[in-house]
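Just so we're on the same page, this note's numbering is the position in the sequence shown counted from 1, plus 97.
Positions of the beta carbon are idealized from the N, C-alpha and C atoms, including for glycine.
Heads up, the thing below is written out as structure tokens.
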Amino acid sequence: MKKIIFVFALICALFVFFGCASDEAPQEEPVEVVEPETTVPEEQPIPEASISENPEPIVENESADTVEPVQEEQAPEETNVVFTTEWVDLVVDDEENCGYFITTDELGSFYGIEGEFKKDAGSESSCFGFVFGYSTQEDGIVPDYFRFAINVKGEFSIHTWNAGTYKDLIDPEADTAYLYKSDALKTGYGEVNTLKIEVDSDNLFSFYINGTKVASGIEPFENSSCGVMVFFSIGTKQEENLAESPVKFSYRIIDSVTAE
């Protein structure tokens with residue numbers, strides 16, 4: 098009987114042992130290698146990112162190469178800045194200025210310039226307009242110049258001053274500079290007239306009054322600069338009455354092609 102009980106107890110013990118072992122085995126099922134499933138999505142963006150980054154520097158380099166010639170073609174437009182002004186009013190009432198012409202500061206350097214001019218008071222014979230094409234001197238003195246001038250009487254002049262001598266550019270045979278009548282000019286005080294100077298590809302001057310060409314093919318001095326100033330003349334004491342009627346002159350620059 099004792100043997101039977103012992104055998105039965107042994108069988109129960111074995112059953113409990115194997116039963117516990119079979120209960121623990123399923124606990125290992127969740128520890129299946131699932132890592133490949135989780136690591137694959139994590140690794141996928143890595144090649145995608147490297148592929149998308151590689152073309153970016155290539156595109157930038159290609160675009161830079163193609164943009165360079167375009168920028169070179171546009172460079173002249175950027176350098177040819179248009180210089181303009183509002184109306185500038187100038188008044189002179191000092192008799193010490195009689196018999197002289199007065200200039201503004203240099204407006205700049207230009208390959209072409211266009212301005213509007215009017216005179217409200219002063220001698221009708223005294224001229225105004227542009228001084229240009231002069232050579233530059235360290236002491237500020239202008240030893241030579243071109244002058245494009247008009248007055249309220251409907252007259253104009255284009256001439257040079259060089260080595261103490263005037264030279265008429267309308268009539269090269271003239272012995273000095275003269276004024277010429279032009280139907281293109283508006284006459285009278287307060288009338289606005291437009292003067293324009295152009296420089297062509299051969300570096301020759303052309304001149305316009307209110308859109309009408311009055312001269313062309315004029316050569317500059319060998320040492321001419323591109324500087325331009327506005328000027329207006331004061332008549333003699335006999336021509337002016339500055340105490341009662343000061344000279345009143347106005348101008349504005351409406352278009353230009355800068356040389357800088």
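Quiz item: Count the other CB atoms within 10 Å of the CB of Ile238; is the residue buried (16 or more) or exposed (fewer)?
Solution: It counts as exposed.
Self-check item: CA-to-CA distance, Asp236 to Ser307, given in whole angstroms
Solution: Ser is not the amino acid found at residue 307; the sequence shown has Asn there. Taking the straight line from one Cα to the other gives about 36 Å.
Self-check item: Residue from Ser232, Val188, Val228 with nearest C-alpha to Gly219
Solution: Val188
Quiz item: How about the stretch 320 to 334 and the stretch 223 to 235: do they share at least three Cβ pairs that are nearer than 8 Å?
Solution: yes
Quiz item: Does DSSP put Asn194 in a helix, in a strand, or in coil?
Solution: In this structure, Asn194 counts as helix in the three-state DSSP scheme.
Quiz item: For Trp184, does the three-state DSSP call read helix, strand or coil?
Solution: Three-state DSSP puts Trp184 in coil, outside helix and strand.
Quiz item: Quick one: what's got a C-beta closer than 6 Å to Ser321's C-beta in the same chain, skipping five residues either side?
Solution: Residues Gly230 of the same chain have their beta carbon placed closer than 6 Å to that of Ser321, with the five preceding and five following residues left out of the count.
Quiz item: According to DSSP, is Leu339 helix, strand or coil?
Solution: Leu339 falls in the coil class under three-state DSSP.
Practice problem: Please go through the same chain and pick out, in chain order, the residues whose beta-carbon is closer than 7 Å to the beta-carbon of Gly287, but skip the five residues on each side of it. | Solution: Lys215, Asp217
Quiz item: Bridge partners of Asp265, per DSSP?
Solution: His256
Quiz item: Helix, strand or coil for Ile331 per DSSP?
Solution: Residue state, collapsed to three classes: coil.
Quiz item: Going by C-alpha distance, which of Gly251, Gly285, Phe318, Asp299 is nearest Ala260?
Solution: The shortest CA-to-CA distance from Ala260 to any of Gly251, Gly285, Phe318, Asp299 is the one to Phe318.
Exercise. Under 8 Å by Cβ, that's how I've got Leu292 and Ile247 pegged, so tell me the actual separation to the nearest angstrom.
Key: 7 Å
Quiz item: Which residues bound the beta strand (DSSP E) around Ala246?
Solution: 241 to 247
Exercise. Take the Cβ of Val289 as the centre, count every other Cβ of all protein chains shown within 10 Å, and call the residue buried at 16 or more, exposed below.
Key: exposed
Quiz item: Starting from Ile422 and walking both ways along the beta strand (DSSP E), at which residues does that stretch end?
Solution: Residue 422 falls outside the range modelled here, since the chain spans only 98 to 357, and no answer is possible.
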